[in-house]
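Okay, so the sequence shown: first residue is 9 according to my numbering, each after it adds one.
No residue lacks a Cβ here, since even glycine has one placed at the ideal position from N, Cα and C.
Shown next, in structure tokens, is the structure this report addresses.
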Amino acid sequence: MAALAAAALAVGLAGCAESTEPEGGGSGKKDISLVTEGKLTACTSLPYEPFEFTEGGETVGFEVDLVDLMAKELDVEQEIVDTPWGGIVSGEDFKTSKCDVAYGGATITPEREKVVDFSKPFMDVKQSLLVKKESGIDGLEKLKGKKLGAQQDTTGKIYASKNEKKYGYEIVEFEDYGLLTTAVRTGQVDASIADSGILEYYITQNKDTEIGASYETGEQLGMMVQKKDKVMLKLVNDTLDKAKKDGTYDRLYKKWFGTEPAK
Numbered sequence: 009m010a011a012l013a014a015a016a017l018a019v020g021l022a023g024c025a026e027s028t029e030p031e032g033g034g035s036g037k038k039d040i041s042l043v044t045e046g047k048l049t050a051c052t053s054l055p056y057e058p059f060e061f062t063e064g065g066e067t068v069g070f071e072v073d074l075v076d077l078m079a080k081e082l083d084v085e086q087e088i089v090d091t092p093w094g095g096i097v098s099g100e101d102f103k104t105s106k107c108d109v110a111y112g113g114a115t116i117t118p119e120r121e122k123v124v125d126f127s128k129p130f131m132d133v134k135q136s137l138l139v140k141k142e143s144g145i146d147g148l149e150k151l152k153g154k155k156l157g158a159q160q161d162t163t164g165k166i167y168a169s170k171n172e173k174k175y176g177y178e179i180v181e182f183e184d185y186g187l188l189t190t191a192v193r194t195g196q197v198d199a200s201i202a203d204s205g206i207l208e209y210y211i212t213q214n215k216d217t218e219i220g221a222s223y224e225t226g227e228q229l230g231m232m233v234q235k236k237d238k239v240m241l242k243l244v245n246d247t248l249d250k251a252k253k254d255g256t257y258d259r260l261y262k263k264w265f266g267t268e269p270a271k
């Protein structure tokens with residue numbers, strides 16, 4: 009994957025984006041500017057399985073497939089840039105023209121909406137605890153005096169912080185999801201908190217772990233574009249709407265999560 013090369017090229021092209029006008033394109037597509045000609049450049053922070061991760065030298069996953077649909081609408085290919093999560097949700101990666109669209113199981117929050125524009129919600133999630141099997145940890149109240157892992161700049165970290173004083177655990181922060189989940193298996197932390205969708209998938213691949221508890225937080229996931237980029241936002245929303253109407257979304261969801269999406 010040419011993530012570093014793509015990032016360097018994107019930065020070098022800041023302020024001189026190319027416009028794309030595919031044959032037979034729908035309304036507004038001719039006005040879309042791309043940071044790299046012939047590519048729909050997407051920022052994400054790997055791994056976040058099954059939303060996006062590396063397999064056989066390629067970046068694959070649920071959101072990767074969804075954005076491939078958007079690239080197809082423009083008659084271009086998707087180029088993925090692996091970059092720290094903080095730069096994505098702060099809007100900095102858009103300001104430096106690193107990418108056209110960004111994703112990573114991103115919860116729509118008022119704070120993030122101040123610096124990026126979100127698509128329509130495409131998935132509902134909860135916050136869940138990942139624990140070792142037979143750990144006896146079935147809720148935050150069982151973590152008094154113990155360590156709880158949380159990924160930096162995530163809603164899981166926010167939820168953990170809100171309840172830290174109440175339940176008396178210590179938060180250990182991790183830069184990415186891979187480190188977060190590995191910490192449970194190695195005993196670096198007693199539990200980790202993250203979105204339900206990724207953890208439900210994770211435990212199917214790591215049989216020594218399980219979901220200890222889940223919490224309804226009313227969270228919804230969306231994809232991100234640069235603030236006030238109405239044309240790109242319309243492409244993202246229109247593609248998601250089309251995928252949900254023609255059954256493509258359901259097919260991709262089952263492909264990556266193994267079940268039908270909740271209706």
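The Cβ neighbour count for GLN159, taken over all protein chains shown within 10 Å, is at least 16; the residue is labelled buried.
Inclusion of MET232 and PHE126 in the CB contact set at 8 Å is warranted, their separation being smaller than that value. Per DSSP, reduced to three states, the secondary structure at GLY157 is strand. The beta-bridge partner set that DSSP reports for SER200 consists of LEU138 and GLY157. Apart from sequence neighbours up to five positions away, the residues of its chain that approach TYR56 with a beta-carbon distance below 7 Å are GLY112, GLY113, TYR185 and ILE206, ordered along the chain. Apart from sequence neighbours up to five positions away, the residues of its chain that approach GLN228 with a beta-carbon distance below 6 Å are ILE116, PRO129 and ASP132, ordered along the chain. For GLN213, the closest C-alpha among the options ASP203, LEU260 and GLY266 is that of GLY266. With a cutoff of 8 Å on beta-carbon distance, ILE96 and SER53 are scored as near each other. Non-local beta-carbon contacts of LYS235 in its own chain, meaning distances under 8 Å to residues more than five positions away in sequence, involve GLY99, PHE102, VAL123, VAL124 and ASP125 in chain order. Setting aside the 5 residues that flank it on each side, TYR167 is surrounded in the same chain by GLN135, each with a C-beta closer than 6 Å to its C-beta; the list follows chain order. Collapsing the DSSP output to three states places ILE40 in a strand. Within the stretch 232 to 264, the runs of alpha helix (DSSP H) at least 4 residues long that lie entirely inside it are, in chain order, 238 to 253. With 16 or more other CB atoms across the displayed protein chains lying within 10 angstroms of its CB, THR49 is buried.
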